[in-house]
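Residue numbers for the sequence shown follow the numbering used here, so the first one is 9 and each next one is one higher.
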Amino acid sequence: MGQRYTSWGNYPAAEHIAFTPQWREKPWFPDIDVSILPRGNGRSYGDSCLNDQGALLDTTALDRFINFNRDTGVLSCEAGVQLCDILRLVEPHGWFLPVTPGTQFVTVAGAIANDVHGKNHHLRGCFSHHVLALQLERSDGESLCCTPHENTEWFRATVGGLGLTGFISRATLQLMHVDSPFVATETFKTQNLSEFFERNEASQAFEYTVAWIDCLARSAKRGRGHYIRGNHTNAPANPPSRQRKRQPTIPLTPPISAINPLSLRLFNSLYYHRQRETLSHATQARDPFFYPLDGIRHWNRLYGRRGFLQYQCVIPPAVAPEAIDELLDKIARSRAGSFLVVLKAFGDIPSRGMLSFARPGVTLAMDFPYLGPKTLALLDDLDTTTFAAGGALYPAKDARMSAEHFQQGYPEWATFARYKDPAISSGFWRRVTGDS
Ligand SMILES: Cc1cc2nc3c(=O)[nH]c(=O)nc-3n(C[C@H](O)[C@H](O)[C@H](O)COP(=O)(O)OP(=O)(O)OC[C@H]3O[C@@H](n4cnc5c(N)ncnc54)[C@H](O)[C@@H]3O)c2cc1C
9 MGQRYTSWGN YPAAEHIAFT PQWREKPWFP DIDVSILPRG NGRSYGDSCL
59 NDQGALLDTT ALDRFINFNR DTGVLSCEAG VQLCDILRLV EPHGWFLPVT
109 PGTQFVTVAG AIANDVHGKN HHLRGCFSHH VLALQLERSD GESLCCTPHE
159 NTEWFRATVG GLGLTGFISR ATLQLMHVDS PFVATETFKT QNLSEFFERN
209 EASQAFEYTV AWIDCLARSA KRGRGHYIRG NHTNAPANPP SRQRKRQPTI
259 PLTPPISAIN PLSLRLFNSL YYHRQRETLS HATQARDPFF YPLDGIRHWN
309 RLYGRRGFLQ YQCVIPPAVA PEAIDELLDK IARSRAGSFL VVLKAFGDIP
359 SRGMLSFARP GVTLAMDFPY LGPKTLALLD DLDTTTFAAG GALYPAKDAR
409 MSAEHFQQGY PEWATFARYK DPAISSGFWR RVTGDS
């Protein structure tokens, strides 16, 4: 109680009562007359991790490992263990997360509930493809072991299920063997969007592929950026350094956003030109490669007290070049652009969850400071392109998509609703279904 829970984007605001599980073995739900929502580490941007005027059940206290087999790479843990803790435990034994999002400060249950993706979706699919089992606690006291082969529909509803089917108390994961957590990268300076698509086509054998785009570049330069591909190196892992570097931090939230058209243009231009050659090779350590934003603590504060919204869409492959071009054009014209726009092509491995976001196509993700109605109007305009192209938005990053767009992008939502726990709800779910 007493802790203020926000989402990573600090938008929208919400008021909660919060509970920490006082159990490990015999789960119970608090007996209260408002709805409850399981909560991980709050790294989702919008309201899928918020339950305004309701209650949160904070998972982070369930932070114990249960078992780790160094020979097989099978790991069992409680739901609140964070990915950074897993890496610390398993890396020295040659194991790694087969799928990781762009921050290591997320819980295992949070990664399951959003069925997160990483830079290797084209080869490894989503987080749920590596979940061997999860334990689901329902508010009626039922406890279900869900695997791809047992209670399969519960499994399909719960992975990517936004915490709505019950409380995940523990999970078993299959890790990936690597010789080293270091990644040998090749970074291409790309002049426009067409070059992104060409590079990507030629890079499907690489474990990791991703691009950073200068969203303010216009006309012939639209879509220019850096295309990065890489593989784990063969060199054995260096022993972890005992010396902890002091991490830069944003100590306070400024009253207004430090991200504005001027700072954006400057940042994007400097970032684009920081590499002079068309191709550069490097060996990158795990954190700067996978988690560059984690290097600055509380970087989300830079967006000021009103917070920010992330817009992450996926566009089907056949129409992706035109639709992404149109989205970038709209953003550049608005001058409201984002400073770390990420472009990534998903592969065609079918997702396991009824509501999983990842699907064949190209995903574009960008942040916008919340400046009131004009920000919402811009995002509505982006929706026109995304949905005309048959795309979808990512619930983990969303604070404003309409019910119509959710239901269009997630056609299995009505089947999913049959598995929702009646005691659980979220701001997101109420908005996109009108449910209580
Ligand atoms: C810098 C940054 C980079 C990111 N990069 C990526 C990326 O590359 N790919 C990607 O897919 N995502 C990415 N994300 C989003 C992030 O990975 C997801 O939002 C993730 O699910 C957050 O996990 P969390 O532990 O913080 O959970 P929260 O945000 O607190 O909750 C997420 C969901 O999990 C549910 N949940 C939490 N605990 C439980 C439980 N015990 N039982 C049942 N449900 C539960 C919640 O109800 C909620 O619906 C990024 C986020 C940030 C901040």
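Quick reminder that beta carbons are idealized off the backbone N, C-alpha and C, glycines included. Since the model is a prediction, treat every value here as computed from it, not as a measurement.
Put simply, of ARG314, CYS223 and GLY312 the residue whose alpha carbon is nearest the alpha carbon of LEU274 is CYS223. Looking at the DSSP output, PRO109 sits in no beta bridge, so it has no partner there. Counting the other CB atoms within 10 Å of its CB gives GLU145 a total of 16 or more, which places it among the buried residues.
Judged by pairs of C-beta atoms under 8 Å, the region 174-186 does not touch the region 283-300, as fewer than three such pairs exist.
When DSSP states are grouped into helix, strand and coil, ILE94 belongs to the helix group. Linking ILE304 to LEU310 through their CA atoms gives a straight-line distance of about 11 Å.
Counting along the chain, TRP437 sits inside the alpha helix (DSSP H) bounded by residues 435-441. The count of Cβ pairs closer than 8 Å, one atom from the region 403-420 and one from the region 53-61, reaches three, so the stretches are in contact. Every unbroken stretch of the alpha helix (DSSP H) spanning 4 or more residues and falling wholly within the region 132-181 is given here in chain order: 160-166. Just so you know, the alpha carbons of THR195 and ASN208 end up roughly 12 Å apart. Short of 8 Å from the beta carbon of GLN283, and not among the five residues preceding or following it, lie these beta carbons of its own chain, in chain order: THR195, LYS197 and HIS234.
Residue pairing for GLN318: DSSP places it in a beta bridge opposite ASP375. Relative to ligand 1, SER56 has its C-beta within less than 6 Å of a heavy atom. The beta-carbon separation of ALA21 and VAL116, rounded to 28 Å, does not stay under the 8 Å limit for a contact. For ligand 1, a non-hydrogen atom lies closer than 6 Å to the CB of GLY50. Remark: the shortest separation between the CB of HIS413 and any heavy atom of ligand 1 does not fall under 6 Å. Judged by beta-carbon spacing, ALA340 lies beyond the 7 Å limit of ARG426, meaning their Cβ atoms are not closer than that value. Contact between the region 148-160 and the region 85-95 is not established, with fewer than three Cβ pairs separated by less than 8 Å.
In this structure, VAL167 sits near ARG360, with a CB-CB distance shorter than 7 Å.
In this structure, the CA atom of GLN212 is about 9 Å from the CA atom of ASN128.
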